[in-house]
Amino acid sequence: MSPKDVKPQSSQGSSGSITLGNVILRIFSLMLFWAGGSWLMLRLWADGYWPFAAAILLITCLITFIWVRPETYPLRWMSPGLVFMLLISVYPILYTVYISFTNFGTGHLIGKTRVIEVLENRKFLPKNGSEYDFALYRNTSGELAVLLLPSPGSEPIILVPGSTIPQSQTGKIVIEAAPPEQIVIDGAQPPYQLLPKNQILTALSELQGVTFGSDEHAVQITGMTKAAALESRYVYDSQSDTILDIKDNVLYKANDENGIFVSADGRELDPGYTVATGIANYSRFIDNPSFRGPLVMVFLWTVFYALLSTFFPFALGLLTAIVFGRNMPGKGLIKSLLIIPFAIPNVISILIWRGLWNPISGLYGASISAIAGQPVNIFADPILIKAVLIFVETWLSYPYFFLITSGALQAIPTDMYEAAEIDGANAWHQFQYITLPLLLVAVGPLLVGSFMYNFNNFNVVYLFNKGGPPMVGTSTPAGYSDILISYVYRLAFSGTGQDYGYATAITVIIFFVLVVITLFQYQLMNMWEKVGENV
Amino acid sequence: MKTKNMILSLLLALVILVSACSSPAPATTAPATTAPQAAEPTVAVAAAPTDAPTAGVATDQPALTLTIWTDDNFTKALEGMVDPAQKEYGVKLVVQQLKFEEVMSQFQLAAPAGQGPDILVTNNGNVGELVKNGLVIPLSLGDVATKYDPVAVSAWQDKGEQYGLPINTENVGFFINKEIVPACPATWTEVRDISRKISANNGDNVDANKYGFVLNETDAYHWYPLMTAFGGYVFAVTDKGYNPSDLGLDSEGTLAAAKYWDAYIKEKLQPAGVDDETMLHFFETGKAAMIITGPWWTKRVVASGLKFEICPIPGEVKKNGQPFLGSFGYVVSAFSKNQSLAEIFVKDFLSREENMRAIFNNTPQPPANLAVVASLTDPYLAAFAVAGKDALPLPSIPEMGAVWEGWTNALTLVSQQRDDPVNAFTTAAEQIRKKIAETNK
């Protein structure tokens, strides 16, 4: 690990020999880096974020390793990029996969220890519990005292923090209607002054956590002038792993499989807690036979939609690029206008399209209805909605392909076209045998990327018609324009709350499906490359 | 070279200094005293916890700080309460505004991590989920509850316990165009007869046609009053709130309402493709004589100059249809460091008439505080109150989330005439029951 091992053999084009100054600089940079990293790690550890701290440690070691080993030294400037990729891409993915093996979601948001804390904090007033009116006093030394009036006309009780409600009375005060302005306890000076209203809550916050009375019947403040001997409603017994509800006298046993406390007669105690559930989320998705019907249809439509939503924008974009590749007046202006669909946020444009296709008041909808002679509601027709959805997606995406293919077209050497013309090829042949293969080599990865993007294009599908119109008679709600992601979004999130565990499991499954499809497409791309080489 | 070495030596000294200073720093931060959260998925709220909320104020005693989260509807009114809170209670009220759709999701993540507010302004439909996640504490309102509309107060209960204090209420009403329909229809049969008369001369051209009652064909929330008028229900009401095991989407009353609606569409008393905007637009321009909508829309229809009236929902089996009652209100976070004090603050200060009035002046929704209601002069709000007399709170039980999807689909299928009403609603009920059973394992 000695810096002297870092020889300049593998460093191309960098400074010549390694001087002592360079070596010292490198050591100190590493020291600085470790100083910063350790500080961050220790702070995270102190705050309880130990997975994050472990991740930072890992990254620090990784970067040091890259910088110090001569084999990996050339990677040194890539290491920050690698780090960010680990933190921002890889860590969330791993976390998502981790969540898919738990039941994290509504009703199971927090861990067991926290749940027990929350429950133990809940208090109630037992049937024969005492309630008191009180008044707060403070003396000039800043100490607080509480005057309790158990019931009108009875003897008041005076408490200072730490004291219990005494059987005998000290500091006997005769109470008239209102609490006295000043009291003296045990004859001690200075006297305590009655607190004005605007200081009561502040004083109460000081008293918070301080209880009066004996341990079994601690008195707590319940209002601006009221106190009561509240009791903890729930008691946790770690031996038997149960919680006793004192108020209703029900015993709840912890069910660590489902993450909830359940009583013998099946009553559940809210909140539940997060537990690891193994592959339960996955088997729930896969074993559920009743949803297979719509799932197959939805999946087929998803693949079909992704294919067409890649093909049509590409074709239209290419056509536009070819047409506007020539010189013509106003070319700059027209090109800027053509980019508009890409520039407007698609959330807005999709909603506007939705309005345009309304059969009564939308321009397109009403026109088509007038032409057809009867109202044509695309939002109610299973086939038309698909066609219009592809139309909208084409409108949204073609400028992207227009831009890309413009660039790629210019990269094709023009002497090829001249050679082809000499050989007698017409425009269509030129396009088919020169332009297209070379274009596909350059644009191929982008087409694959566009396919993956449209496979999961939640925005367009959900905003346009929420995946509708609904299918008839299915066992789970599904729509005719639903793609896989919107269908499973509803499966996971329109149940009784947000089921993150289930949703992440489905995400992982979709990921694997996409991986398979993408591998397929890489084969296609290799084929295109081979064709392109032979042009 | 000599200068270079000197610079490097200075750097050496600097780095040693920095390392020496940075290393002891972590030792001075106290290690976390809360229980270790070993096995729990740590939420990625990576910010280090801020100092305790008691901000250091230059007075003798430290001021108590209470944080309240709200969406933009209530911010101004709450900010106006900061001074009185400080003067009278010595409480520093910190008002933080979040985007409407983010309030709940942020709260659910931030609260367990200790970064959440003490008090939250939210919608009563969220109570079930908040309780299920253990994020709010029960409030013992005591006498304060008597000063509020009882239906609004019950809208904030879950399993018989009170979890929130209502601020306002919201329900839909039946709008009629007085020039076409002179009096409030009493039953839905009447509504249908009136619609028949109005659309007697309708042809194929939708632009020239006139309609009676129109409704957004995919909106179950606005269709609900029609459903209840026929005796339908979503979840059966018991004295402990809604009973999630009694789903009423395939009950007799609901099916009767569905059949009525199916016949209504078949007779072309409503054109195809009516959505929210179309419905409102038709009413504004006089093409439709009756719609169901809420107080958020009153200003617009007043501005259109139409002579209109807000009626109670027509009945059929029942005397009047019952709309949903929505309500905004205060809840106290279970992860607040000043739980009981926040509760006291809500009960004693926020519930006061003048504070509720301040909110009403900023956001004119029908208030839940009876004293403010009594002093109302707006006739429209009064009309909505009449329409909402028998309103049922929007169910806040978590099972309600499973209902919307299937219910909306069933209504859409009937409105778009792609399924017969009985089959659509029976299928929906089955879907929902299965969903509830699956997620409540």
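First to last, the sequence lines map onto chains F and C. For the first sequence, counting from 1, position 70 maps to 70 in our numbering; every step adds exactly one. For the second sequence, counting from 1, position 17 maps to 1017 in our numbering; every step adds exactly one. Even for Gly, the Cβ is constructed at its ideal location relative to N, Cα and C. Predicted model, so just to flag it, every value in this text is computed and none were measured.
Query: Cβ pair count under 8 Å reaching 3, the stretch 303 to 320 of chain F against the stretch 449 to 462 of chain F; Result: yes
Query: Chain-order list of residues whose beta-carbon lies under 6 Å from that of Phe1213 (chain C) (same chain, five-residue window excluded); Result: Val1191, Ser1195, Met1290
Query: Range covered by the beta strand (DSSP E) that runs through Gly1241 (chain C); Result: 1241 to 1247
Query: Whole beta strand (DSSP E) elements within the stretch 1296 to 1369 of chain C, 3-residue minimum; Result: 1308 to 1311, 1324 to 1332
Query: Short-range partners of chain C found in the stretch 455 to 475 of chain F, where Cβ spacing is below 7 Å; Result: Gly468, Pro469, Pro470, Val472, Gly473, Ser475
Query: Touching by the beta-carbon criterion (3+ pairs, under 8 Å), the stretch 1376 to 1389 of chain C and the stretch 1090 to 1099 of chain C; Result: no
Query: Given 8 Å, three or more beta-carbon pairs between the stretch 1149 to 1168 of chain C and the stretch 1122 to 1138 of chain C; Result: yes
Query: 8 Å Cβ cut-off: residues of chain C touching Ser406 (chain F); Result: In chain order: nothing, as chain C lies at least about 39 Å away.
Query: Chain C contact for Phe391 (chain F) (CB, 8 Å cutoff); Result: no
Query: Under 8 Å between C-beta atoms of Ile1068 (chain C) and Phe1174 (chain C); Result: no
Query: Range of the contiguous alpha helix (DSSP H) that encloses Gly332 (chain F); Result: 331 to 338
Query: Pair within 8 Å by beta-carbon distance, Asn1171 (chain C) and Phe1324 (chain C); Result: yes
Query: In chain order, each alpha helix (DSSP H) run of at least 4 residues that lies wholly inside the stretch 1250 to 1282 of chain C; Result: 1252 to 1266
Query: Cβ-based burial, Arg69 (chain F) [other Cβ within 10 Å; buried from 16]; Result: exposed
Query: Range covered by the beta strand (DSSP E) that runs through Pro1166 (chain C); Result: 1164 to 1170
Query: Counterpart residues of Phe261 (chain F) in DSSP-defined beta bridges; Result: F:Ala254, F:Leu269
Query: Sequence-distant residues of its chain with Cβ nearer than 6 Å to Gln498 (chain F) (five each side left out); Result: Gly105, Thr106
Query: Inter-residue spacing [alpha-carbon to alpha-carbon] between Asp423 (chain F) and Ala411 (chain F); Result: 22 Å
Query: As assigned by DSSP and simplified to three states, the class of Phe1174 (chain C); Result: strand
Query: Cα-Cα separation between His955 (chain C) and Leu1411 (chain C), rounded to whole angstroms; Result: Examination of residue 955 (chain C) is not possible in this model, given that chain C is present from 1001 through 1441 alone.
Query: Contacts that Gln430 (chain F) makes with chain C (C-beta to C-beta distance below 8 Å); Result: Result: empty, since nearest Cβ-Cβ is about 47 Å, beyond 8 Å.
Query: Same chain, Cβ closer than 7 Å to Val508 (chain F), five either side skipped, listed in chain order; Result: Val97, Ser100
Query: Interface positions of the stretch 127 to 150 of chain F facing chain C (Cβ-Cβ less than 8 Å), listed along the chain; Result: Gly142
Query: Any C-beta of chain F under 8 Å from that of Gln1097 (chain C); Result: no
Query: Beta-carbon contacts of Glu1353 (chain C) that lie in its chain and below 7 Å, excluding the five residues immediately before and after; Result: Asn1369, Ala1371, Val1372
Query: Cross-strand partners of Arg26 (chain F) (DSSP beta bridge); Result: Looking at the DSSP assignment, Arg26 (chain F) forms no beta bridge with any residue, so it has no partner.
Query: Where Glu1102 (chain C) falls, given that 16 or more other Cβ within 10 Å makes a residue buried; Result: exposed
Query: Terminal residues of the beta strand (DSSP E) in which Glu131 (chain F) lies; Result: 131 to 139
Query: Separation of Glu1217 (chain C) from Trp1259 (chain C), as counted between CA atoms; Result: Note that residue 1259 (chain C) corresponds to Lys in the displayed sequence, not to Trp. So the alpha carbons of these two residues sit roughly 14 Å apart.
Query: Which listed residue (F:Met297, F:Ile339, F:Ser397, F:Trp34) has its alpha carbon closest to that of Leu484 (chain F); Result: F:Met297
Query: Runs of alpha helix (DSSP H) lying entirely within the stretch 415 to 492 of chain F, each at least 4 residues, in chain order; Result: 427 to 430, 436 to 455, 458 to 465
Query: The beta strand (DSSP E) enclosing Val1095 (chain C), as first and last residue numbers; Result: 1091 to 1097
Query: Closer than 8 Å to chain C by CB, Pro271 (chain F); Result: yes
Query: Nearest candidate by alpha-carbon position, reference Glu529 (chain F), set F:Leu300, F:Gly330, F:Pro445, F:Leu44; Result: F:Pro445
Query: Simplified DSSP assignment, three categories, for Met1290 (chain C); Result: strand
Query: Where Asn1123 (chain C) falls: helix, strand or coil (DSSP); Result: strand
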